[in-house]
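Okay, so here's the structure we're looking at.
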Amino acid sequence: MPHRPVYDATCTTDNVIATQDRCHLGRSWYYTGHHSKIIILNFTFPMPHYHTLGAIPHKRHTQFRKPDGGLYSEQLFSTEGFSNDYALLYHCHPPTQIIRTEPQRDVSPRIAEEKMLQHRCFEGFKIEPAEDFLESRVPVLVNNDCHLVLAAPRQSMTDYFYKNTDGDELLFIHEGSGVVKTQYGDLPFGYGDYIVLPRGTIYQIHFNDTHNRLFIVESFTPLRFPKRYLSQYGQLMEHAPYCERDIRPPVNLVTTDEKGDFLIRAKKKGLLYGLHYGTHPFDVIGWDGCCYPFIFSIHDFEPITGRVHQPPPVHQTFETSAFVVCSFVPRLFDYHPQAIPAPYNHSNIDSDEVIYYVDGDFMSRKHVTRGMITLHPAGIPHGPHPGAVEKSIGTRETKELAVMVDTFHPLMITQQALELENPDYIMSWAE
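For what it's worth, the UniProt record's numbering labels the leading residue of the sequence shown as 1, then goes sequentially.
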């Protein structure tokens with residue numbers, strides 16, 4: 001969705017409250033200089049509600065003292081400069097004390113195919129597990145707006161912290177459980193959780209065991225709830241497939257007031273930097289605001305169904321200005337007497353469609369395996385495999401579970417993806 005207020009409507013003084021100087025509808029208005037025409041601006045928000053955890057002063061930007069009389073250090077964590085959501089964090093020490101650095105290294109994706117027009121399929125569970133979380137990340141499909149990444153880490157992050165300074169991260173947990181530790185508190189996670197980490201969030205992932213599989217979306221534009229789900233003031237509305245009660249903010253804020261040598265690995269423009277700080281990054285005593293990491297479970301997505309087949313937007317879960325994320329979950333099929341539950345053939349002429357298959361049976365596809373990724377690029381139609389349409393008639397429900405990413409600009413194939421590819425997929429529609 002747009003980063004700035006967008007043109008929403010024009011109106012006359014007949015349907016807004018007007019004065020000689022301005023008119024307004026709610027709190028978003030723009031005066032054009034006369035009474036007859038007003039442009040209404042609609043602001044949108046990445047998070048629908050304010051949250052606070054720990055101790056904070058009564059008033060922002062005022063003295064907040066420690067028990068020993070010293071001042072806590074206030075940090076503004078803001079988005080789009082000072083023009084959008086933010087959080088205020090209060091540290092035991094200034095979060096600026098770099099004591100040494102390490103040489104950066106290149107972690108940018110290795111592109112194998114920049115341009116192509118072919119349906120592709122990748123067996124995601126073929127990636128070999130790696131001990132380290134960052135080393136385990138395998139970019140598969142990328143463009144200038146997002147990276148779609150697979151990861152199979154075996155070990156927790158204990159020797160360093162990590163932050164992505166370029167993009168928001170969406171971590172989908174396919175296998176495994178544990179806790180993401182951040183400067184905002186802890187985020188306990190498990191199977192089916194979407195972990196949303198705003199860019200710049202410092203975190204460590206601690207796994208409960210060595211069997212972990214993640215599907216990761218790095219977004220270089222802000223990741224948000226769909227605009228159409230939100231009220232004018234940012235509340236999730238009645239027609240949304242989830243509500244604020246389904247959002248899990250950080251819990252258990254543990255203030256680690258320690259000095260020493262703490263390594264933060266920071267990713268920026270395809271390079272990974274090593275920054276050593278003299279104080280622990282989780283020395284936060286409290287925070288508040290509307291910009292923070294959170295978890296939403298795919299199992300809390302309430303499906304929207306109809307008498308006939310519903311289009312993919314009913315499954316939409318997140319959006320950016322460059323792509324959308326959808327959740328396909330177990331649900332009843334269409335109930336018109338002549339309904340065809342299988343999806344129709346589709347020419348997605350404006351976007352590339354990626355589906356990450358999690359679990360369950362997919363009546364529109366043959367030979368689906370867990371962790372499989374399909375890419376249906378813009379420019380050629382795709383649809384159910386032969387026999388799937390007739391077979392779907394009379395079926396009452398589906399147990400499928402999948403994550404879909406539709407990008408508005410073409411995706412490129414990485415070298416690592418070619419090692420996972422099923423080359424026969426393009427011919428799988430031939431009868």
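For each residue, glycine too, the CB sits at the ideal point set by N, CA and C.
(1) Going by DSSP in three states, Ile298 sits in which element: helix, strand or coil?
(2) Please work out which residues of its chain come closer than 8 Å, Cβ to Cβ, to Gln63, disregarding the five sequence neighbours upstream and downstream, and give them in chain order.
(3) When the distance is taken between beta carbons, is Leu272 closer than 8 Å to Val142?
(4) Give a yes or no on whether the C-beta atoms belonging to Thr320 and Leu236 are separated by under 8 Å.
(5) Taking Arg110 as the reference, give the member of Pro139, Phe125 and Ala87 with the closest Cα.
(6) Considering only the beta carbon of each residue, do Ala112 and Pro129 sit closer than 8 Å?
(7) Can you tell me the Cα-Cα spacing of Tyr124 and Asn208, whole angstroms?
(8) Beta-carbon within less than 6 Å of Arg154's beta-carbon, same chain only, minus the 5 sequence neighbours each way: which residues are those?
(9) Which value, in whole angstroms, describes the spacing of the CA atoms of Phe77 and Thr255?
(10) Going by C-alpha to C-alpha distance, which of Glu80, Arg213, Leu150 and Gly234 sits closest to Asp166?
(11) Does DSSP put Tyr425 in a helix, a strand or coil?
(12) With 8 Å set as the bound, which would you pick, yes or no: does the beta-carbon of Gln310 sit closer than that to a beta-carbon of chain B?
(13) For my contact list, Ile216 and Phe133 are in at a C-beta cut-off of 8 Å; report their separation, rounded to the angstrom.
(14) Under 8 Å by Cβ, that's how I've got Pro249 and Tyr203 pegged, so tell me the actual separation to the nearest angstrom.
(15) Mapping the DSSP letters down to three states, classify Ser231 as helix, strand or coil.
(16) Thinking just about the alpha-carbon of each residue, which of Pro226, Gln416, Glu218 and Asn422 is nearest to the one in Val314?
(17) Could you name the residues that DSSP lists as bridge partners for Gly274?
(18) So, does the stretch 88-103 touch the stretch 336-345, judging by three or more C-beta pairs under 8 Å?
(19) Using the three-state DSSP reduction, which class does Leu411 fall into: helix, strand or coil?
(20) Between Phe189 and Val179, which are expected to be in contact by the criterion C-beta below 8 Å, what is the C-beta distance as a whole number of angstroms?
(21) What residues are listed by DSSP as bridge partners for Asp406?
(22) Runs of 3 residues minimum, wholly inside the stretch 133-166: which ones carry the beta strand (DSSP E) assignment?
(23) Do Ile264 and Leu275 have their C-beta atoms closer together than 8 Å?
Put simply:
(1) helix
(2) Pro57 and Leu71
(3) no
(4) no
(5) Pro139
(6) no
(7) Rather than Tyr, the amino acid found at residue 124 in this sequence is Gly. Cα to Cα, Gly124 sits roughly 22 Å from Asn208.
(8) Pro129, Glu131 and Thr210
(9) 18 Å
(10) Glu80
(11) helix
(12) In the displayed structure, chain B is absent; only one protein chain is listed.
(13) Not a contact, Cβ separation roughly 10 Å.
(14) 14 Å between Cβ atoms; not a contact.
(15) coil
(16) Pro226
(17) Glu102 and Arg265
(18) no
(19) coil
(20) 7 Å
(21) Val324 and Glu353
(22) 138-142, 146-151 and 161-164
(23) yes
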